[in-house]
Amino acid sequence: MADYTYTLLIPLIPFFVFLLLGLTGHKMKPVVSGLIGTSGLGIAAILAYTTAFKYFWAGHVAGAAYTSLKAFEISWLHLTDKLTIHMGILIDPISVMMLVVITTVSLMVHIYSIGYMKGDPGFYRFFSFLSLFSFSMLGLVLATNIFQMYIFWELVGVSSFLLIGYYYDKPSAVAASKKAFIVTRFADLGFLIGILMLSFNTGTFDFQTLTDPHGPAITQAAGAAFMGMSVLTWSLIFIFVGGAGKSAMFPFHIWLPDAMEGPTPVSALIHAATMVVAGVYLVARLFPVFALGAPDALHVVAWIGGFSSLFAAVIACTQTDIKRVLAFSTMSQIGYMMLALGVSGFGGEEGLGFMASNFHLFTHAMFKALLFLGAGAVIHAVHSNEITDMGGLRKHLPITHITFLIACLTIAGIPPLSGFFSKDEILVAAFHANKMLFAIEYIVAGLTAFYMFRLYYGIFWGKNTHYHHTPHEAPKVMTIPLMILAFGSVFAGFLPFKDLVTSDGKAFESAIDYWIAVPSVLIGVVGILIATIMYKKETAIPDKVAGTLKHLYKWAHRKFYMDEVYLFVTRKIIFRYISVPLAWFDRHIVDGTMNGIAGITQYAAYSIKGLQSGKLQQYAFVFISGTIILVLIFVYLV
Amino acid sequence: MNFSDILTMRHELMLTLLALVVLIIDLNLHNRDKHLIIPITLSLFFIDTLVGFLPADKSVLFGGMYRTNGLLVLMKNILNIGVLIILLQSVTWLKKEENREKISEYFILLFSTLIGMNFMISSGDFLMFYLGLELATIPVAALAAYTHHQTKSAEAGIKLLLTSALSSGILLFGISLIYGSTGSIYFDTITELYKNSPMQVLAFIFFFTGMAFKLSLVPFHLWTADVYEGAPINVTSYLSVISKGAAAFILIIVMFTVFNTIAPVYNHILYLIAIITMTVGNLFALRQKNMKRFLAFSSIAQAGFILLGILGGNVMGMTSVIYFVLVYIFSNLGAFGVVSAISTVTGKESMDDYDGLYATNPRLSLLMMLALFSLAGIPPVAGFFGKFFLFASAASAGYYWLVFIAVLNATISLYYYLLVVKAMFINKNETPLAYFKSDLATRVGLILSGIGIFILGFWSQIYEVINSLSFGIIH
Numbered sequence: 002m003a004d005y006t007y008t009l010l011i012p013l014i015p016f017f018v019f020l021l022l023g024l025t026g027h028k029m030k031p032v033v034s035g036l037i038g039t040s041g042l043g044i045a046a047i048l049a050y051t052t053a054f055k056y057f058w059a060g061h062v063a064g065a066a067y068t069s070l071k072a073f074e075i076s077w078l079h080l081t082d083k084l085t086i087h088m089g090i091l092i093d094p095i096s097v098m099m100l101v102v103i104t105t106v107s108l109m110v111h112i113y114s115i116g117y118m119k120g121d122p123g124f125y126r127f128f129s130f131l132s133l134f135s136f137s138m139l140g141l142v143l144a145t146n147i148f149q150m151y152i153f154w155e156l157v158g159v160s161s162f163l164l165i166g167y168y169y170d171k172p173s174a175v176a177a178s179k180k181a182f183i184v185t186r187f188a189d190l191g192f193l194i195g196i197l198m199l200s201f202n203t204g205t206f207d208f209q210t211l212t213d214p215h216g217p218a219i220t221q222a223a224g225a226a227f228m229g230m231s232v233l234t235w236s237l238i239f240i241f242v243g244g245a246g247k248s249a250m251f252p253f254h255i256w257l258p259d260a261m262e263g264p265t266p267v268s269a270l271i272h273a274a275t276m277v278v279a280g281v282y283l284v285a286r287l288f289p290v291f292a293l294g295a296p297d298a299l300h301v302v303a304w305i306g307g308f309s310s311l312f313a314a315v316i317a318c319t320q321t322d323i324k325r326v327l328a329f330s331t332m333s334q335i336g337y338m339m340l341a342l343g344v345s346g347f348g349g350e351e352g353l354g355f356m357a358s359n360f361h362l363f364t365h366a367m368f369k370a371l372l373f374l375g376a377g378a379v380i381h382a383v384h385s386n387e388i389t390d391m392g393g394l395r396k397h398l399p400i401t402h403i404t405f406l407i408a409c410l411t412i413a414g415i416p417p418l419s420g421f422f423s424k425d426e427i428l429v430a431a432f433h434a435n436k437m438l439f440a441i442e443y444i445v446a447g448l449t450a451f452y453m454f455r456l457y458y459g460i461f462w463g464k465n466t467h468y469h470h471t472p473h474e475a476p477k478v479m480t481i482p483l484m485i486l487a488f489g490s491v492f493a494g495f496l497p498f499k500d501l502v503t504s505d506g507k508a509f510e511s512a513i514d515y516w517i518a519v520p521s522v523l524i525g526v527v528g529i530l531i532a533t534i535m536y537k538k539e540t541a542i543p544d545k546v547a548g549t550l551k552h553l554y555k556w557a558h559r560k561f562y563m564d565e566v567y568l569f570v571t572r573k574i575i576f577r578y579i580s581v582p583l584a585w586f587d588r589h590i591v592d593g594t595m596n597g598i599a600g601i602t603q604y605a606a607y608s609i610k611g612l613q614s615g616k617l618q619q620y621a622f623v624f625i626s627g628t629i630i631l632v633l634i635f636v637y638l639v
Numbered sequence: 005m006n007f008s009d010i011l012t013m014r015h016e017l018m019l020t021l022l023a024l025v026v027l028i029i030d031l032n033l034h035n036r037d038k039h040l041i042i043p044i045t046l047s048l049f050f051i052d053t054l055v056g057f058l059p060a061d062k063s064v065l066f067g068g069m070y071r072t073n074g075l076l077v078l079m080k081n082i083l084n085i086g087v088l089i090i091l092l093q094s095v096t097w098l099k100k101e102e103n104r105e106k107i108s109e110y111f112i113l114l115f116s117t118l119i120g121m122n123f124m125i126s127s128g129d130f131l132m133f134y135l136g137l138e139l140a141t142i143p144v145a146a147l148a149a150y151t152h153h154q155t156k157s158a159e160a161g162i163k164l165l166l167t168s169a170l171s172s173g174i175l176l177f178g179i180s181l182i183y184g185s186t187g188s189i190y191f192d193t194i195t196e197l198y199k200n201s202p203m204q205v206l207a208f209i210f211f212f213t214g215m216a217f218k219l220s221l222v223p224f225h226l227w228t229a230d231v232y233e234g235a236p237i238n239v240t241s242y243l244s245v246i247s248k249g250a251a252a253f254i255l256i257i258v259m260f261t262v263f264n265t266i267a268p269v270y271n272h273i274l275y276l277i278a279i280i281t282m283t284v285g286n287l288f289a290l291r292q293k294n295m296k297r298f299l300a301f302s303s304i305a306q307a308g309f310i311l312l313g314i315l316g317g318n319v320m321g322m323t324s325v326i327y328f329v330l331v332y333i334f335s336n337l338g339a340f341g342v343v344s345a346i347s348t349v350t351g352k353e354s355m356d357d358y359d360g361l362y363a364t365n366p367r368l369s370l371l372m373m374l375a376l377f378s379l380a381g382i383p384p385v386a387g388f389f390g391k392f393f394l395f396a397s398a399a400s401a402g403y404y405w406l407v408f409i410a411v412l413n414a415t416i417s418l419y420y421y422l423l424v425v426k427a428m429f430i431n432k433n434e435t436p437l438a439y440f441k442s443d444l445a446t447r448v449g450l451i452l453s454g455i456g457i458f459i460l461g462f463w464s465q466i467y468e469v470i471n472s473l474s475f476g477i478i479h
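So the protein sequences, as listed, match chains U and Z.
So for the first sequence, this note's numbering puts the first residue at 2; every next one is plus one.
So for the second sequence, this note's numbering puts the first residue at 5; every next one is plus one.
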């Protein structure tokens, strides 16, 4: 067995960078603190790549299954002989894959931020928070047991709170970071309860013991039935609630769009590639328990995922803030991943969904980080988030334009870009499991292509907006990460995930199913075409043509009145009767409930204020009354 | 009384000696040299703290009035360390011109209350217990009125004196009923004779409300807000950390060793009080803008959590309470230390004054963040384990709903603790508090509490040591 002890450095380096910048950063020049943060993450990324190479190829016997191994473990808290909490590092296909994802995206975000945050008074503070977040996230994916995972899970929550709330210019940002925090905290409550139930039931926190297909956790621990489902199922559902909170699944998704108030590089890191997929990772980590021990819980995962992906895709069509479009798009894509896990079985080809989910997680991290960073470059250039303030930017921002286009094509599932491969696997997995979910995902695929290209045309084509200052391309330090991520988005699809990341560690074969792949590409193309007709042409047709070919122009201008049909379908039917009510439901019912809880608490706090009057006699009265009430209750009634 | 007995009682005897020495030195010092008392007392108390750690055997003195064992010594040592940190944090404030003449008063009063707490912890009968209680309470009232030229401080003192007289009266009534129904004041005898008769339940409730007053459990907490706000910050810190910690220690000892036979009854009471205390404490803390009041109210909510461990009713419950109090002392002293340092230098106590503190005083802010994370129970800081063990012990006794409510309350508390973190790290401020350098003693006090929070979170042996000692008490 190869020695992986050095992987300890991967989370520790960002941690020490955080300490260094946190304690001494204010004495450094801003550039120095940025370089320290970036180089620290760079070293971590190199170590992560080395680990991936060693684990998947160099240190691996061809044809053998990938096993999980503990690179390092210490007994941290010895509570009783049965119950000991460990801290360690678990190396297995999904954790190694996540190492690569996190370090890559984080490194790109670090480099990009040197340009994006330039001149910000809290430059070093920003980089120390970024390092803290990277540390927590790496610790989360490397956890050997669910308790350690919970600890880092909370750390991720706290550090993301600090990052989202970094900008305090707008009052809406204050509310946003509060909301993100409160919503995820309540979801985490479910996670904690789930952990306690699961460990109580199985007597272990350890992932290897828990997920052993022949181990006692799966074969014996179904537990007593409670309301029609086993205790194991309930505990997994509770754990999934925690995952749904972090991953912004319905109905816990409401924090995600608001969290866009944070700096854009933060959104790229947290809301595209790392923290929001923690929920997917959590389910993947416990996948054997879900699949073999509690298939009912897995159904919940599948339907929540499917519904969220559709719900978010529909809303994304109506948004005008470009970061919000991307936020809903993220929610929709994570819904895909959850659905893929939910429909998956365990072992061999049955585990196609598991593989597809991780595959999509990987490719999505690349192209969504690219989209966010690209959006950041656009916002950097025009100083607005609103799509209505943009247009015609392709001339001003050539590099951003090309990379953004690549990302849009990738997410739309156009072959041979990476998104095509991973999305196709998900569709195949869904097709074999549940036709209804499969149909939903087909619709979502079309909607995705549509809203992404609506965004693309709105930013880079469309009307020629007059800008106060001519927008200029971002500096190299920002465009280079874009190009690297674009490269990743294009080629990540050729990675042999079927051989590397599977539910049981063994490679399996499956060819592209053209009966599914071809229609899915077609539906993507249709989505793009509709977007093209609706959003590209508004100013693209020169007036000259209009003058000479009057009648033809009229038809053409009206897009052979297809526009009206589409407009009617989209605006009058989809927008008015589906999106708007959904958005209303989202804002008033789901949001309202959460806000209501906060309001009631405040009100209650206000209304008991009168008790604290400062009058001594009253205090004595309350004291004696309390005593007498206790006496009455316990001496006479009990 | 031979030498080994003196060693047995060393905590109480040395403190008494120390108080007398301070008094004598004070009498012989010229007015302008009074500040010399501070280093002398600090070094003497430091030695006292070290001596406290000498190994001690289980033993009983004065025919059962005074008893001691490893666990009780540990409790006293924990209190000593806490007091040492508070003394270090008070130095800057004591050196101020207006306090010069009364430096020795501060030390003598503080040591007197500590002696009282030590006697309470070691008491083997209700007489000793009551004497300790009064000794621990009355000097605190004088301490609260320490800056008596300020109306608020004087008001705090008199309010504390009057309300504690009321609670002592009720507690004494309870003790007399206990004596009346069992014919004994010795803990060992009472345990054997205590049953579930209405009079004994009544007696227990009277006793409990007296203790609830000390622990500021709701609805016996109303004195806290005024007293905490009026008293000087370091006294507030002493009241809400040491005094409360000691009360928790004593409550758990008495509950587990004297009243264990009526546990089924008192569990109901604790259940009710725990829920009310956590919730009301949180609701009050939510609205506070003054840092002193904020920490004071949040400490009420924390006291509610302690009851969970008592409800656990087993070794784990006892261990978890002691561990929690230990963590609580370090975390709260960290937070109070920062507030005190800032308030002494700048006079600012409002939460708004903390906006943007990280930009000017990063080290203070980081310590404050660590302390608040610990109070809020964010893993892996010590406070998380403190709460986790309490929840686990209550859950092991089957109180799932209570644990659920407690977790919910912990979540709410996280919100307001983070408000302060947010103010320091995120909120923008044109004119944040200027950078200042605290003096050596304050810094040592702050560093000690920071180290304490860290070590407790990462060094699990401490939990095991407490666990093994607790095992001796409950069979």
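Each residue gets a CB set at the ideal place from its N, CA and C atoms; glycine is no exception.
Would Z/H152 pass as an interface residue toward chain U - the criterion being a Cβ-Cβ separation below 8 Å? no
Is there a Cβ from chain Z that is less than 8 Å from the Cβ of U/F624? yes
Whole angstroms is fine: what's the gap from Z/I314's alpha carbon to Z/V325's? 7 Å
State yes or no: is the C-beta of U/L486 within less than 8 Å of the C-beta of U/A328? no
Any 3 or more C-beta pairs closer than 8 Å across the segment 393-410 of chain U and the segment 121-135 of chain U: no
From the DSSP output, read off the bridge partner residues of Z/T72. Z/S63
Does the contact criterion of 3 or more C-beta pairs under 8 Å hold for the segment 409-418 of chain Z versus the segment 303-313 of chain Z? yes
Rounded separation between U/W462 and U/T401 - CA only: 13 Å
Could you pull the DSSP bridge partners for U/G89 from this structure? U/E74
Could you give the DSSP three-state label for U/D259: helix, strand or coil? helix
Cutting at 6 Å between CB atoms, please list the residues of its own chain near U/F182, excluding the five before and the five after it. F162
With 9 Å as the limit, tell me which residues of the segment 432-465 of chain Z have their beta carbon closer than that to any beta carbon of chain U; keep them in chain order. K432, F462, S464, Q465
Output, in chain order, the set of chain U residues within a Cβ distance shorter than 9 Å of Z/W227. L617, Y620, F624
For Z/L114, is the beta carbon positioned less than 7 Å from some heavy atom of the ligand SAM? Among the components modelled here there is no ligand, and therefore nothing to report on the ligand SAM.
Using a Cβ-Cβ cut-off of 8 Å, state whether U/E387 counts as contacting chain Z. no
Report yes or no: is there a C-beta of chain U within less than 8 Å of the C-beta of Z/T240? no
Between which residues of its own chain and Z/A345 is the CB-CB distance below 6 Å, once the five residues before and five after are set aside? S442, T446
Where the alpha helix (DSSP H) through Z/S335 begins and ends: 319-350
Let me make sure I understand the geometry here. Which of U/K424, U/H467, U/S504 has the alpha-carbon closest to that of U/I444? U/K424
Kindly list, in the order they appear in chain Z, the residues whose Cβ is closer than 8 Å to that of U/V1. Residue numbering for chain U in the displayed model covers 2 to 639; residue 1 of chain U lies beyond these limits and cannot be assessed.
Min CB distance U/L70 to chain Z below 8 Å: no
Given this structure, state the Cα-to-Cα distance separating Z/H225 from Z/A216, to the nearest angstrom. 8 Å
Quick one: give me the first and last residue of the alpha helix (DSSP H) that U/I634 is part of. Element bounds for U/I634: n/a, residue is neither H nor E.
Within 8 Å of any Cβ in chain Z, is that where the Cβ of U/G354 sits? no
Considering Cα atoms alone, identify which of U/A621, U/L48, U/T185, U/L139 is closest to Z/S168. U/A621
When Cβ atoms are compared, which residues of the segment 159-180 of chain Z fall closer than 8 Å to chain U? K163, L166, T167, L170, S171, I174
Interface residues of chain Z facing U/T145 [CB-CB closer than 8 Å]: Neighbours of U/T145 on chain Z: none; closest Cβ ~15 Å, over 8 Å.
Restricting to Cα atoms, I'd like to know which of U/G243, U/H111, U/P417, U/Y337 is closest to U/V267. U/H111
What residues of chain Z sit near U/T429, judged by a beta carbon separation below 7 Å? Just to set this straight, residue 429 of chain U is Val in the shown sequence, not Thr. Going along chain Z, no residue has its Cβ under 7 Å from U/V429, so there is no contact; the nearest lies around 40 Å.
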